[in-house]
Amino acid sequence: MNYWCERAWLPGGLAERVLIRVEGGKIASVSTVDTIPLGVRRLHGIVVPGFANAHSHAFHRALRGRTHDGGGTFWTWREGMYALASRLTPQSYYRLARAVYGEMALAGVSAVGEFHYLHDRSNEFGHALAEAAKDAGLRLTLLDACYLAGGIDQPVTGVQQRFSDGTAEAWASRVAELKSDDVLKVGAAIHSVRAVPRAELSVVAQAFPEAPLHVHLSEQPAENEACLAAYGLTPTGLLHEAGALSPRTTVVHATHLTPEDIATLGATGTGACFCPTTEADLADGIGPARELADAGSPLSLGSDQHAVIDPLLESRALEHGERLRTGRRGRFSPAELLGAATRHSALGWDGGRIEPGAPCDLVAISCSTPRTAGSLPQQVLLSATASDVDTVVVGGRVVASGGVHETLGDVGRLLAAAIEELWA
Ligand SMILES: [Zn+2]
1 MNYWCERAWL PGGLAERVLI RVEGGKIASV STVDTIPLGV RRLHGIVVPG FANAHSHAFH
61 RALRGRTHDG GGTFWTWREG MYALASRLTP QSYYRLARAV YGEMALAGVS AVGEFHYLHD
121 RSNEFGHALA EAAKDAGLRL TLLDACYLAG GIDQPVTGVQ QRFSDGTAEA WASRVAELKS
181 DDVLKVGAAI HSVRAVPRAE LSVVAQAFPE APLHVHLSEQ PAENEACLAA YGLTPTGLLH
241 EAGALSPRTT VVHATHLTPE DIATLGATGT GACFCPTTEA DLADGIGPAR ELADAGSPLS
301 LGSDQHAVID PLLESRALEH GERLRTGRRG RFSPAELLGA ATRHSALGWD GGRIEPGAPC
361 DLVAISCSTP RTAGSLPQQV LLSATASDVD TVVVGGRVVA SGGVHETLGD VGRLLAAAIE
421 ELWA
């Protein structure tokens with residue numbers, strides 16, 4: 001299948017009447033044409049590269065609409081998440097994740113990074129997640145997380161025992177049994193400096209030197225305080241000491257950083273994944289996104305707890321957070337926001353651009369909906385939401401159009417069934 005785009009966001013900017021020829025799931029050529037060839041699929045509106053959702057915990061989707069009212073803190077939200085984690089089996093997680101990844105596909109996501117810590121010392125959950133992503137037509141980077149402690153110098157307790165492999169060596173030998181393929185990439189994760197003791201951090205960092213490495217970093221001031229008290233270093237300093245910061249690493253949240261932390265992350269080329277809708281919902285705070293980007297950290301975006309699955313809203317929230325934090329507008333250009341929303345390299349995949357050689361991942365955003373009508377084409381990324389995503393192409397194949405998933409059908413129904421089963 002070849003595609004004709006009314007408008008496409010190419011590396012050089014917006015172009016009109018663009019013909020994209022596809023071979024073997026990749027873009028073979030990109031050209032502008034005056035007439036539409038026969039047999040091509042027409043994509044109206046604005047076509048952008050497929051989105052990369054760099055930080056997901058698929059099962060947290062079952063908490064949406066059930067945890068946002070009232071008071072509480074990140075730490076009381078975590079109690080709700082633990083209750084859910086105690087109920088999941090590989091089978092029920094497969095049904096939930098398939099529906100969640102289906103929702104992502106409808107929103108234009110073509111690759112997802114699943115930060116996976118519910119493993120019960122086996123790869124059954126990991127295989128279930130891989131199967132779910134395959135069924136939804138997405139590429140998956142399974143970021144299998146080492147989780148050994150319930151806090152600094154604290155044992156795992158209760159449901160946390162399902163997260164722990166006992167030692168970093170046991171974690172590494174289990175993860176080594178997972179095999180990457182065309183649509184699955186196995187990566188590593190340090191859950192956080194709370195959950196992996198100092199001596200084990202370097203074991204995790206060195207276990208899979210070619211694979212993406214992700215880590216939750218400084219989401220809450222309490223993590224920084226505990227780390228400083230125990231080790232005399234910030235979480236960033238501790239990770240740097242362990243050799244865990246490099247261009248293959250992505251730190252997630254990076255909310256509460258010192259100027260030295262920002263300089264270290266930038267100098268090591270470490271990426272930073274912001275999850276603005278989650279960070280707002282959990283009252284985490286607003287991290288120094290502009291400063292990190294200026295220091296040299298490539299930014300990516302994730303929907304994390306999935307209170308919202310919408311890369312367009314997530315990218316806008318990145319800019320809005322900056323505006324609220326600094327009192328200034330235009331902190332990121334639309335091209336920079338699109339770059340963050342399509343940072344496939346954070347997950348070890350090629351992608352994020354419409355040019356020959358790249359995977360043919362396309363998202364057509366309608367410009368004639370009640371939300372987008374009247375917008376200037378170059379500002380549609382600042383007015384559209386996932387509801388305006390019309391057609392989604394992954395690897396040259398249409399996976400969703402008109403709000404319906406090609407193979408899963410009615411994703412809302414699948415989500416309702418998978419979530420109600422867990423709370424029954
Ligand atoms: Zn997370």
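Numbering-wise (full-length UniProt numbering), the sequence shown opens with residue 1 and increments by one.
Even for Gly, the Cβ is constructed at its ideal location relative to N, Cα and C.
Residue range of the alpha helix (DSSP H) that includes residue i
{"i": "L96", "result": "P90 to L106"}
{"i": "V73", "result": "The residue you asked about is not Val; residue 73 is Thr in the sequence shown. Here T73 belongs to no alpha helix (DSSP H), and DSSP marks it neither H nor E."}
{"i": "I262", "result": "P259 to A267"}
{"i": "C275", "result": "Taken as a continuous stretch (DSSP letters only), C275 belongs to no alpha helix (DSSP H), as it is neither H nor E."}
{"i": "H216", "result": "It is not in any alpha helix (DSSP H) - H216 instead sits in the beta strand (DSSP E) that spans L213 to L217."}
{"i": "I178", "result": "The residue you asked about is not Ile; residue 178 is Leu in the sequence shown. Where L178 is concerned, there is no enclosing alpha helix (DSSP H), given that its DSSP letter is neither H nor E."}
{"i": "T236", "result": "P235 to E241"}
Straight-line Cα distance separating residue j from residue i
{"i": "P377", "j": "G402", "result": "20 Å"}
{"i": "M81", "j": "G158", "result": "13 Å"}
{"i": "P11", "j": "P235", "result": "36 Å"}
{"i": "H116", "j": "A97", "result": "12 Å"}
{"i": "E355", "j": "A226", "result": "47 Å"}
{"i": "H216", "j": "Q161", "result": "19 Å"}
{"i": "P298", "j": "A424", "result": "42 Å"}
{"i": "A149", "j": "T277", "result": "27 Å"}
{"i": "T372", "j": "E103", "result": "21 Å"}
{"i": "S110", "j": "G70", "result": "35 Å"}
{"i": "A295", "j": "E114", "result": "27 Å"}
{"i": "A107", "j": "I309", "result": "7 Å"}
{"i": "residue 425", "j": "E223", "result": "As displayed, the chain neither begins before 1 nor continues past 424, which places residue 425 out of reach and without an answer."}
{"i": "S173", "j": "V193", "result": "21 Å"}
{"i": "F208", "j": "G352", "result": "24 Å"}
{"i": "G65", "j": "W171", "result": "33 Å"}
{"i": "A254", "j": "L143", "result": "18 Å"}
{"i": "T326", "j": "F74", "result": "24 Å"}
{"i": "R323", "j": "A341", "result": "18 Å"}
DSSP beta-bridge partners of residue i
{"i": "F51", "result": "V109"}
{"i": "E16", "result": "R7"}
{"i": "Q161", "result": "None, per the DSSP bridge assignment."}
{"i": "H116", "result": "D144"}
{"i": "T32", "result": "V18"}
{"i": "G39", "result": "DSSP output for G39 lists no bridge partner at all."}
{"i": "Q154", "result": "G151"}
{"i": "S173", "result": "For S173, which the question treats as bridged, DSSP gives no partner whatsoever."}
{"i": "D304", "result": "S56"}
{"i": "I46", "result": "R7 and I365"}
{"i": "L313", "result": "Looking at the DSSP assignment, L313 forms no beta bridge with any residue, so it has no partner."}
Rounded distance between the beta-carbons of residue j and residue i, thought under 8 Å
{"i": "P359", "j": "G137", "result": "The Cβ separation is near 13 Å, so there is no contact."}
{"i": "L337", "j": "S366", "result": "Contact doesn't hold; Cβ gap of about 19 Å is too wide."}
{"i": "L213", "j": "A130", "result": "Actually they are not in contact, since the Cβ atoms of L213 and A130 sit about 19 Å apart, beyond 8 Å."}
{"i": "V47", "j": "A364", "result": "5 Å"}
{"i": "F59", "j": "A85", "result": "7 Å"}
{"i": "T250", "j": "A346", "result": "5 Å"}
Residue i beta carbon near ligand 2 (any heavy atom closer than 6 Å)
{"i": "D304", "result": "This structure lacks ligand 2; its bound ligands are ligand 1."}
Boundaries (first-last residue) of the beta strand (DSSP E) holding residue i
{"i": "K185", "result": "L184 to I190"}
{"i": "T249", "result": "T249 to H253"}
{"i": "L201", "result": "It is not in any beta strand (DSSP E) - L201 instead sits in the alpha helix (DSSP H) that spans R198 to A207."}
Could you give the uninterrupted runs of the beta strand (DSSP E) lying entirely in the region 340–412, keeping only those of 3 residues or more? 362–365, 389–394 and 397–401
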